[in-house]
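Working notes, beginning with the structure itself.
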Amino acid sequence: MHRRAVEIDGGVALAYGHYGRPVLAFPSENGQASDWEERGMVDSLAGLIDGGRVKLFCAPSFDSESWTRRDLPLEERARRHGHYEWWVLSRLVPFVQADCHAHEVIATGCSFGAYHAANFCLKRGDLFPLSICMSGVYDVSVQGGGDRGDAVYFNNPMAYVSHLHGDHLDWLRRQVSLLLVCGQGQWEDTTGALDSTRRFASLLGEKGIRHELDLWGHDVPHDWPSWRNQIAHHLQRLV
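Per this note's numbering, residue 13 is the first one in the sequence shown, and the count goes up by one each step.
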């Protein structure tokens, strides 16, 4: 499988494949760009990558300097996340677009990476019209306390989606589609992903935003083997 490490203005992403529809994968909480390869996620997509249906890009996270900085109030963490958002949108995405000769990119991720995939899709549906979100938590208020202002609000899908209306909501209804996947074997999951996934799907339904909720069985826990099976099952039908 063709693999490249790409340095992009202070960050390093990994790229797999020669051609195909661009897919940007976000790692789980505090993860590295190499996580998808080391955890077998890339191998699970080898057929799509080698067959020229997918060109996969794995991003690093910035969570340890933003959302998981427990010594900082949540609003400051959200402001720091803005630096990561800037890098993804102004540096990483343009590289992916040029490399693939395509404008639109599929966003995906598991655990906290699913939050990133959903957040980028809903905020920048012009770039990310489709997101595949596995075992995510979509309310960032669970990350901590302290003052909460605009930075938290505009990066909290459970908050800002609930207030969408008018032309912006109509545009999102036409533009984006989210696939929410979660296993129901969550007894070892302390993140609350199953409940969060159900509540987020309900909110998207109330707003008429296109989405699909796929709950896997009680034998499917919050872990990498589940996500390998889920991404392999769903991505092949969407590209």
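Positions of the beta carbon are idealized from the N, C-alpha and C atoms, including for glycine.
Are three or more beta carbon pairs between the segment 106 to 126 and the segment 83 to 96 nearer than 8 Å?
Counting Cβ pairs under 8 Å, fewer than three are found: no touch.
Is there contact between the segment 93 to 107 and the segment 168 to 177, where contact requires at least three CB pairs shorter than 8 Å?
Result no; under three Cβ-Cβ pairs closer than 8 Å.
DSSP state of E200, grouped into three classes?
Reliability of the predicted coordinates at E200 is poor, the pLDDT of 49 falling under 50, and the value obtained from them is presented with this limitation in mind. Correct three-state label for E200: coil.
Run through the segment 31 to 82 for me and flag every whole alpha helix (DSSP H) of 4 or more residues, listed as ranges in chain order.
47 to 50, 53 to 56, 58 to 62
Kindly indicate which residue of Q196, L181, G195 has the alpha-carbon position closest to the one of S259.
With the chain represented from 13 up to 251, any question about residue 259 goes unanswered, as that position is not in the structure.
Report the rounded CA-to-CA distance for W48 versus P39, giving the unit in angstroms.
Rounded to whole angstroms, the separation of the alpha carbons of P39 and W48 is 7 Å.
In chain order, what are the residue ranges of uninterrupted alpha helix (DSSP H) at least 4 long that sit wholly in the segment 132 to 199?
162 to 165, 169 to 172, 178 to 187
Three or more beta-carbon pairs under 8 Å between the segment 18 to 34 and the segment 61 to 70, yes or no?
yes
Apply the 10 Å Cβ neighbour rule to R249 and answer buried if 16 or more other Cβ atoms are within range, or exposed otherwise.
Burial call: exposed.
Beta carbon of V105, beta carbon of L36: below 9 Å?
yes
Please return the same chain residues whose Cβ sits closer than 8 Å to the Cβ of G137, not counting the five positions on each side in sequence.
Here G137 has W183, L184, Q187, V188 as same chain residues with Cβ atoms under 8 Å from its own Cβ, once five neighbours each way along the sequence are excluded.
Give the straight-line distance between the Cα atoms of S123 and G178, rounded to the nearest whole angstrom.
31 Å
With DSSP collapsed to three states, give me the class of A110.
helix
Just checking my contact of I144 with H246 at CB under 8 Å: how many whole Å lie between their CB atoms?
6 Å
Where E23 and F74 are concerned, what is the direct C-alpha to C-alpha distance, given to the nearest angstrom?
Reading off the sequence, residue 23 comes out as Gly, not Glu. Between G23 and F74, the C-alpha separation is close to 10 Å.
State yes or no: is the C-beta of A130 within less than 9 Å of the C-beta of A119?
yes
Taking the beta strand (DSSP E) that I20 falls in, what are its first and last residues?
Taken as a continuous stretch (DSSP letters only), the beta strand (DSSP E) holding I20 covers 15 to 20.
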